[in-house]
Every structure is written in C-alpha cells, then in structure tokens.
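Enquirer: I'd like to ask some things about the structure below.
Numbering (the working numbering), first residue to last: 48 to 372.
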C-alpha cells in the first residue's frame with residue numbers, strides 16, 4: 048500500500064528488513080522516484096525550485112545582466128522559504144550540434160527532483176513541448192519563442208523600451224540611427240529590434256540595412272559591430288545597442304578613435320547594468336526593473352504551487368538619460 052511504501056522510505060527503521068527489501072526491489076523495477084512536491088505539500092520540506100539556464104556556467108557569469116538577475120532572484124526565493132538550485136543546461140548537452148529530443152529532455156527534467164522550475168532566458172524550441180508535458184510547474188523570465196506556448200512568463204516590455212530609446216534620440220535631433228542587434232533566437236532581441244524599426248517608421252525616418260549590424264551580446268562583439276559600421280560608407284549620428292555590453296564595446300572603439308560622444312555620435316544601451324563601464328561617461332540606457340521581475344516571479348510561483356493559474360506579465364522599462372546621448 049501507499050502507506051507501507053511511505054513508512055519504508057521515510058522511516059525504514061520501523062519496518063522489517065524483509066519488507067524493506069521488497070519495497071526497494073519494487074522501486075528499482077518501477078523506476079520510482081519520490082515526489083518532492085508531495086513532500087513539501089505535506090509539510091515535510093520547503094518547496095524546491097530549480098533556476099534553469101540554457102547556457103554554460105562561465106557564459107552566464109560573464110554576462111553582467113544575468114549575473115545581476117541571479118543575484119536578485121536567488122535571495123528573493125530564499126526570503127519566501129524556497130529551496131533553490133542553479134541548473135545549467137548547455138544547448139549542446141546531448142551532443143555537439145545535436146538537437147535536444149523531447150524524450151531525453153523530459154528525462155532530464157524529471158530527474159532534477161524539484162517542485163518547480165524558473166527558466167531564465169530562451170530555451171530551444173524543441174524543449175517547449177517537454178516543458179508543457181513534464182507536469183512540473185514552470186515559469187519563464189522571458190517570453191517563449193513559440194507563440195503557441197502556454198508557459199506563463201514575466202518579461203521586460205522590450206518593444207516599448209526600445210521605442211523609448213529611439214524616440215529619445217530623435218527628440219535630441221538625431222536622424223541617422225544605427226542599430227547593434229543580436230541573434231534572433233531570443234524574443235528579447237527580436238522585440239528590441241522591432242521597436243527600433245517600428246519607431247523609425249512612425250517618426251517618418253527610413254530604415255537602412257547598412258545601419259544595422261549584429262553582435263552576440265558581448266563587449267567584444269560590440270567593438271566588432273562598431274568597427275563594421277565605421278568601415279561602411281554611410282553616415283550615422285547615433286547608435287542604439289540592444290544591450291549595455293555591446294554599447295560599451297562601441298563606446299570603447301569611439302574613445303580609441305577620439306570620436307566625441309555624444310557630440311559626434313550618441314549611444315543608448317539597454318539593460319541598466321553599469322558594471323562594465325570603464326569610461327568617465329555614464330551610459331544612457333533603458334533600465335530593466337530586475338527586482339520587480341523577481342518579485343513577480345516569486346509571487347506567481349507561490350500561486351502555481353498552490354494549484355492556481357497565473358497570467359504572463361510585461362514590466363515597463365525606464366529610460367535613464369546619462370552622458371552618452
């Protein structure tokens with residue numbers, strides 16, 4: 048019976064050795080694993096949460112934004128009596144250049160022994176079906192890539208945040224605005240790029256493909272993107288970079304070339320993380336409200352663990368005018 052198995056697992060000293068042996072044999076045969084969520088509901092443990100990232104460990108902590116996000120989310124969860132673990136799921140875990148199968152990823156999820164997951168960033172499309180089938184509560188920091196996903200998320204309003212940045216530059220008299228974008232496998236970068244294009248159109252300015260370059264969110268890719276723009280035979284008077292690291296990389300190249308910012312070229316970033324600033328100028332940027340996002344995720348997590356449904360939510364970003372634009 049369930050009661051017998053429970054006694055054998057939780058209090059083995061009160062059952063006979065023969066009964067304990069039979070229970071363990073059945074567990075091995077059925078590949079049974081205890082349900083930690085049931086234990087937490089019964090008051091035996093605090094709920095456990097896996098913070099899941101689809102990145103290498105070093106990549107995450109080299110990112111000023113994700114390092115700050117984890118540093119805010121982790122204590123927010125602990126303050127609500129959640130047990131937390133960081134789980135890194137590199138996209139090539141199942142083989143170099145090999146897509147993750149739903150079956151293998153379901154197995155991965157079910158062997159993490161947590162009550163719920165909070166996903167940071169943007170998991171591959173192949174994993175979304177597995178998330179919805181694993182019967183473990185899941186929330187996302189970031190809008191899923193699939194429009195058909197039912198996973199609730201909390202995200203910055205990237206579209207309107209980017210629009211605010213471009214409108215600010217136009218209101219400052221800039222009309223030739225370059226874009227340093229990034230890969231299209233995240234809705235964050237797609238929405239910020241779309242906000243740039245949408246605002247140019249609404250303000251009656253042409254969108255020129257020669258003024259759009261791509262990086263990979265890193266400082267070095269911002270440097271490379273800036274050099275690429277300068278090599279092109281086209282004038283521009285300002286730059287919107289979709290994250291701060293690439294904006295700082297662009298700023299570094301301009302400083303090396305003695306090009307004055309913002310007099311000659313203005314720069315606006317996106318994130319609000321200043322840790323990489325090695326210049327006397329403070330970066331004008333669109334700030335993500337990290338703490339509000341963390342608070343919302345923790346609140347929604349408590350609700351889903353109690354069987355309640357929650358809605359996705361966008362958090363407004365705030366343009367912070369500093370010295371580079």
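Just so you know, even glycine gets a beta-carbon here, dropped at the ideal spot from N, CA and C.
Going by the CB atoms, is the gap between residue 163 and residue 351 shorter than 8 angstroms?
Expert: yes
Enquirer: Assuming residue 132 contacts residue 161 under a Cβ cut-off of 8 angstroms, what Cβ separation, rounded to an integer in Å, is found between them?
Expert: 7 angstroms
Enquirer: What residue range does the beta strand (DSSP E) around residue 130 cover?
Expert: Counting along the chain, the beta strand (DSSP E) containing residue 130 begins and ends at 130-135.
Enquirer: Whole-angstrom Cβ separation of residue 304 and residue 314, contact assumed at under 8 angstroms?
Expert: So it is not a contact: roughly 14 angstroms between Cβ atoms.
Enquirer: Going by DSSP, name the residue or residues bridged to residue 362.
Expert: 203
Enquirer: Output the boundary residues of the beta strand (DSSP E) element that contains residue 318.
Expert: Judged by DSSP secondary structure, residue 318 falls within the beta strand (DSSP E) whose first and last residues are 313-318.
Enquirer: Taking just the CA atoms, how far does residue 209 sit from residue 367?
Expert: 12 angstroms
Enquirer: Can you list, in chain order, the stretches of the beta strand (DSSP E) that have 3 or more residues and sit fully within the segment 214-281?
Expert: 224-228 and 259-261
Enquirer: So residue 185 packs on residue 98, CB below 8 angstroms; how close in whole Å?
Expert: In fact, because the Cβ distance is near 12 angstroms, the residues do not count as touching under 8 angstroms.
Enquirer: If the criterion is Cβ atoms closer than 8 angstroms, does the pair residue 188 and residue 365 meet it?
Expert: Cβ atoms of residue 188 and residue 365: not closer than 8 angstroms.
Enquirer: Between residue 215 and residue 333, what straight-line distance do the alpha-carbon atoms span, to the nearest angstrom?
Expert: 11 angstroms
Enquirer: Could you give the distance in angstroms between the alpha-carbon of residue 359 and the alpha-carbon of residue 205?
Expert: 14 angstroms
Enquirer: Unbroken alpha helix (DSSP H) runs of length 4 or more, entirely within the segment 329-362: which are they?
Expert: 337-352
Enquirer: Out of 207, 235 and 311, point me to the one whose CA is closest to residue 169's CA.
Expert: Taking the Cα of residue 169 as reference, the smallest distance to any Cα among 207, 235 and 311 is reached at 235.
Enquirer: How big is the Cα-Cα spacing for residue 369 and residue 123?
Expert: Their backbone Cα atoms lie some 29 angstroms apart in a straight line.
Enquirer: Roughly how many whole angstroms lie between the Cα atoms of residue 192 and residue 241?
Expert: 15 angstroms
Enquirer: Given a threshold of 16 other Cβ atoms within 10 Å of its Cβ, counted over all protein chains shown, does residue 129 qualify as buried or as exposed?
Expert: buried
Enquirer: Just to confirm, are residue 226 and residue 258 a CB contact at a threshold of 8 angstroms?
Expert: yes
Enquirer: In three-state terms, what does DSSP make of residue 96?
Expert: strand
Enquirer: Less than 6 angstroms between C-beta atoms, sequence neighbours within five positions excluded: which residues of the same chain meet that for residue 112?
Expert: For residue 112, same chain residues with a beta-carbon under 6 angstroms away, outside a window of 5 residues either side, are 318 and 320 in chain order.
Enquirer: In three-state DSSP terms, what is residue 372?
Expert: Three-state DSSP puts residue 372 in coil, outside helix and strand.
Enquirer: Expressed to the nearest angstrom, what Euclidean distance is found between the alpha-carbon atoms of residue 229 and residue 336?
Expert: 21 angstroms
Enquirer: Can you tell me where the alpha helix (DSSP H) with residue 112 in it begins and where it stops?
Expert: 111-125
Enquirer: Taking buried to mean at least 16 other C-beta atoms within 10 Å of its own C-beta, is residue 94 buried or exposed?
Expert: buried
Enquirer: I'd like to check one pair, residue 312 with residue 285: are the Cβ atoms closer than 8 angstroms?
Expert: yes
Enquirer: What's the C-alpha gap between residue 88 and residue 178?
Expert: Unreliable placement is indicated for residue 88, whose pLDDT of 49 sits below 50; the coordinate value is still reported in the next sentence. Distance between the alpha carbons of residue 88 and residue 178 is about 22 angstroms.
Enquirer: Per DSSP, what are the beta-bridge partners of residue 288 in this structure?
Expert: 227
Enquirer: With DSSP collapsed to three states, give me the class of residue 301.
Expert: helix
Enquirer: Taking a contact to mean a Cβ-Cβ separation below 8 angstroms, would you say residue 153 touches residue 173 in this structure?
Expert: no
Enquirer: Which class does residue 152 belong to by DSSP, given the choice of helix, strand or coil?
Expert: helix
Enquirer: Along the beta strand (DSSP E) that carries residue 164, what are the first and last residues, could you check?
Expert: Under the DSSP assignment, residue 164 falls in the beta strand (DSSP E) whose first and last residues are 163-167.
Enquirer: Relative to the C-alpha of residue 266, which candidate in 288, 248 and 104 has its C-alpha closest?
Expert: Considering only alpha carbons, the answer is 288.
Enquirer: Would you report the Cα separation of residue 347 and residue 307, rounded to the nearest angstrom?
Expert: 46 angstroms
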